[in-house]
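**Student:** Got a structure for you, written out below as C-alpha cells; questions coming shortly.
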Amino acid sequence: MLRLVGVYKTYAPPYHALENVSFSVEKGEFVFITGPSGAGKTTIIKLITREEIPTKGRIFFGNHDISRISPRKIFLYRRKLGIVFQDFRLIPYLSVYENVALPLIIRGKKKKEIQRRVNSLLQEFEIVHKAQDLPSSLSGGEQQRVAIARAIAGGPELLLADEPTGNLDPFLSKKIMKIFKRLNLKGTTVVVATHDTSLVEEFGGKIVELSYGKIKRVR
Ligand code: ADP
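This is how it looks when you write it as C-alpha cells:
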C-alpha cells in the first residue's frame, strides 16, 4: 500500500532529518513508527500526507509516486487518508459535532447517515456531551479524541496518527489504541508514530524504529 524508498529529508543542510529511510506498509497492517523525540517520526508522517516532499527518494501509495501528484489533486489523495495531527488542527469556528461531520460532508454523505455516524463516534469517544461546544473550550485530551473521531469518520484506507495518545492518561491511551486495533481488524491500515514504547510493546504489529533520522531496525 505504501512504500518509502531511499527517502532523505534535509530541512537545514548538511543535517538530514531523515537519511536513506526505506520501509513498506502492506494493506491491512498495523505499523508503529517509534524512536525518541527528534528521530524523524513527524517528518515521515508529513511526507506520507504530502505536507512535505522528500529531498531525495520516493514514496509510493499503491503504484503512484505521491511526490508527483499535482498540487490541484492532493485533496483527492488525502481523501484516502485519515490523519490525526499532533497539534489536532480542529477547525476553531466549528463545533465538535461539525468538526467530526466534516469528512462525511466532503464525501457527500446524506444528513441522516452523517448524524448516525457522528453521534456514534462521539459516544464511543465519550465526548457526546460536548457536541455543540467549540474546540477551544475543550481540554487537550478531549480535543485529541475529537481529532481521532474526525480522522476515522470518513472510513479512510490508511489511518495516520502522530502521537495520538500524547495528551491522554494511560487508561484513555489504551482505549484509543484498542479502537485503532478494532479498525485495523475491520480492514483499515494503520500507521501510528509514537515515542511511547510501552504502547508499542503492548499493541505490537510491525515496528519501524528510528534513531537520528535513520532506520535502526524493522521488526
Ligand atoms: P520526531 O517526530 O521524531 O520528534 P521530527 O520529524 O519532528 O522528529 O524532527 C526530526 C528532526 O528534524 C529534528 O531534529 C527537528 O528539529 C528537525 N525538523 C523538523 N521539522 C523541521 C523544520 N520545519 N525545519 C527545520 N528542522 C526541522
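Going by the numbering used here, 189 is the number at position 188 of the sequence shown; the sequence numbering is gapless.
For every residue, glycine included, the Cβ atom is placed at its ideal position computed from N, Cα and C.
Just so you know, these numbers come straight off a predicted model, no measurement behind them.
What residues come near the ligand ADP, if near means a beta carbon less than 6 Å from any of its heavy atoms?
**Tutor:** Here the list is Tyr12, Ala13, Ala18, Gly36, Ser38, Gly39, Ala40, Gly41, Lys42, Thr43, Thr44.
**Student:** Look at the Cβ atom of Leu3, then the Cβ atom of Phe62, and state whether they are nearer than 8 Å.
**Tutor:** Yes, these two residues count as a Cβ contact at 8 Å.
**Student:** Can you check the region 100–184 for any beta strand (DSSP E) of at least 3 residues that lies completely inside it and give the ranges in chain order?
**Tutor:** Segments of the beta strand (DSSP E) lying fully in the region 100–184: 159–163.
**Student:** Can you tell me which residues form a DSSP beta bridge with Asp88?
**Tutor:** For Asp88, which the question treats as bridged, DSSP gives no partner whatsoever.
**Student:** For Val193, which residues of its own chain have a beta-carbon under 6 Å away from its beta-carbon, when the five flanking residues on both sides are left out?
**Tutor:** Excluding sequence neighbours, Val193 sits near Phe33, Ala162.
**Student:** Does DSSP put Leu77 in a helix, a strand or coil?
**Tutor:** Three-state result, Leu77: helix.
**Student:** Tell me the residue span of the beta strand (DSSP E) that contains Ile49.
**Tutor:** Segment 42–49 is the alpha helix (DSSP H) holding Ile49; no beta strand (DSSP E) there.
**Student:** Hey, Ala150 and Phe126: beta-carbon distance below 8 Å or not?
**Tutor:** Contact: yes.
**Student:** Taking DSSP as the reference, what is the three-state secondary structure of Arg218?
**Tutor:** Residue state, collapsed to three classes: strand.
**Student:** Should His130 go down as buried or exposed, given a rule of 16 or more other Cβ atoms within 10 Å for buried?
**Tutor:** It is exposed - the Cβ of His130 has fewer than 16 other Cβ atoms within 10 Å.
**Student:** Got a sec, what are the start and stop residues for the alpha helix (DSSP H) Ser23 sits in?
**Tutor:** Taken as a continuous stretch (DSSP letters only), Ser23 belongs to no alpha helix (DSSP H), being part of the beta strand (DSSP E) at 19–26.
**Student:** Helix, strand or coil, according to DSSP, for Leu95 in the structure here?
**Tutor:** Reduced to three states, the DSSP call for Leu95 is coil.
**Student:** In whole angstroms, what is the alpha-carbon distance linking Arg108 and Phe76?
**Tutor:** Cα-Cα distance, rounded: 12 Å.
**Student:** Tyr16: buried (16+ other C-beta within 10 angstroms of its C-beta) or exposed?
**Tutor:** Label assigned to Tyr16: exposed.
**Student:** Are the CB atoms of Val101 and Leu122 nearer to each other than 8 Å?
**Tutor:** Contact flag set, yes.
**Student:** If you check the beta carbons only, do Pro136 and Pro93 fall under 8 Å apart?
**Tutor:** Yes, the pair counts as a contact, with Cβ atoms nearer than the cut-off.
**Student:** Could you spell out where the beta strand (DSSP E) holding Ser212 opens and where it closes?
**Tutor:** Here the beta strand (DSSP E) through Ser212 covers 207–212.
**Student:** To which residues does DSSP link Arg59 through a beta bridge?
**Tutor:** Val6, per the DSSP bridge assignment.
**Student:** Could you tell me the distance, in whole angstroms, from the CA atom of Ile216 to the CA atom of Leu139?
**Tutor:** If I take the Cα positions, the gap works out to 37 Å.
**Student:** Taking C-alpha atoms, which residue in Val8, Arg69, Gly83 lies nearest to Gly41?
**Tutor:** With distances taken between Cα atoms, Gly41 lies closest to Val8.
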